[in-house]
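First comes the structure, then the notes that go with it.
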């Protein structure tokens with residue numbers, strides 16, 4: 021039985037473990053990528069909690085190490101790669117982008133809670149338009165001081181004390197005017213529902 025020698029011209033074989041330490045430059049980086057990509061990705065993903073961004077940072081680490089150290093061997097590139105990835109991860113976490121992404125994720129998780137369950141129907145819109153007309157009519161019929169007190173309170177968010185200064189009355193009068201104006205509004209809306 022004769023043994024045939026392998027044909028070295030067909031394809032390049034992968035280096036053995038001991039031989040991989042002799043690799044330099046791009047071949048060394050390719051070997052580290054093949055052997056340790058999953059470990060580097062896991063390292064980054066644990067810190068970020070975001071798989072797509074972790075993949076991007078691992079890729080960026082490989083590119084930056086390849087540019088900065090084109091002639092280093094495997095034994096020198098491995099710690100440089102982990103250091104570059106650690107630094108990229110820290111920079112990412114400190115960046116405003118990471119903070120916005122986390123808050124955006126928090127809001128997207130609340131999407132169903134924050135969103136309106138349904139759009140207003142034409143009927144609801146008509147009722148709202150009618151209610152608004154009733155309130156505007158009731159406001160127009162109020163005494164000017166009571167109307168002003170209510171509008172300053174509700175629309176401009178002024179305190180009773182601030183309204184009292186503007187209207188040249190006491191805070192107690194302001195409180196009374198607002199209470200009476202609200203009662204008129206409520207009565208007008210209640211009588212329209214009958």
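Numbering (the working numbering), first residue to last: 21 to 214. Don't be surprised by glycine CBs; every beta carbon is placed ideally from N, CA and C.
Next on the checklist: Buried or exposed for residue 109, going by 16 or more other Cβ atoms inside 10 Å?
Outcome noted: buried
Next on the checklist: Less than 6 angstroms between C-beta atoms, sequence neighbours within five positions excluded: which residues of the same chain meet that for residue 68?
Outcome noted: 74
Next on the checklist: Do residue 49 and residue 86 have their beta-carbon atoms positioned less than 8 angstroms apart in this structure?
Outcome noted: Going by C-beta atoms, residue 86 is nearer than 8 angstroms to residue 49.
Next on the checklist: Spatial neighbours of residue 104 within its chain, please: C-beta separation below 6 angstroms, excluding the five flanking residues on both sides.
Outcome noted: 81, 84, 85
Next on the checklist: Just to confirm the assignment, what range does the alpha helix (DSSP H) spanning residue 182 have?
Outcome noted: 180-187
Next on the checklist: Let me make sure I understand the geometry here. Which of 195, 194, 77, 197 has the alpha-carbon closest to that of residue 112?
Outcome noted: Residue 112 has its Cα closest to that of 77, out of 195, 194, 77, 197.
Next on the checklist: Can you look up residue 175 in the DSSP assignment and give me helix, strand or coil?
Outcome noted: coil
Next on the checklist: How far does the alpha helix (DSSP H) with residue 115 in it extend, from its first residue to its last?
Outcome noted: Unbroken run through residue 115: none, as it is neither H nor E.
Item to check | N-terminal and C-terminal residue of the alpha helix (DSSP H) that residue 162 is part of | outcome: Premise fails: residue 162 is in no alpha helix (DSSP H) and is neither H nor E.
Next on the checklist: Restricting to Cα atoms, I'd like to know which of 187, 145, 91, 95 is closest to residue 56.
Outcome noted: Looking at the Cα atoms, 95 is the closest of the given residues.
Checklist entry - Cα-Cα, which of 209, 72, 52 is closest to residue 148? => result Nearest in C-alpha terms to residue 148, of all of 209, 72, 52, is 209.
Checklist entry - Three-state secondary structure (DSSP) at residue 70? => result coil
Next on the checklist: The alpha helix (DSSP H) that contains residue 199, what's its start and end?
Outcome noted: 191-212
Next on the checklist: Can you list, in chain order, the residues of its chain with a C-beta nearer than 7 angstroms to that of residue 215? Leave out the 5 residues immediately preceding and following it.
Outcome noted: The chain is shown only over 21 to 214; residue 215 falls outside these bounds and no answer can be derived.
Next on the checklist: Using the Cβ count rule (16 or more neighbours within 10 Å means buried), how would you classify residue 172?
Outcome noted: With at least 16 other beta carbons inside 10 angstroms of its own, residue 172 counts as buried.
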